[in-house]
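Per my numbering, the very first residue in the sequence shown carries number 796; after that it's consecutive.
Glycine included, every Cβ here is placed at the ideal spot set by N, Cα and C.
Step one of this worksheet: look at the structure below.
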Amino acid sequence: MMSTHEQNNEQDDAEDGPMILAHEAVEGYRTIFYICITIGTLYLAFVLWQTW
């Protein structure tokens, strides 16, 4: 019995070709990401500053 994480060596991967994971970029995602990281970092700094 095989685990779902083990590759089945009986299948021929050459028939399928390479798998490509592609997607369209979401506009504004990077900006929102950096804003959230900045807010989280500032909050963490504030909490650590208050514990001194």
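- In the three-state reduction of the DSSP assignment, Ala820 falls in the coil class, being assigned neither a helical nor a strand state.
- Straight-line measurement puts the Cα of Tyr838 at about 13 Å from the Cα of Thr846.
- If you draw a straight line from the Cα of Thr836 to the Cα of Val842, it comes to about 10 Å.
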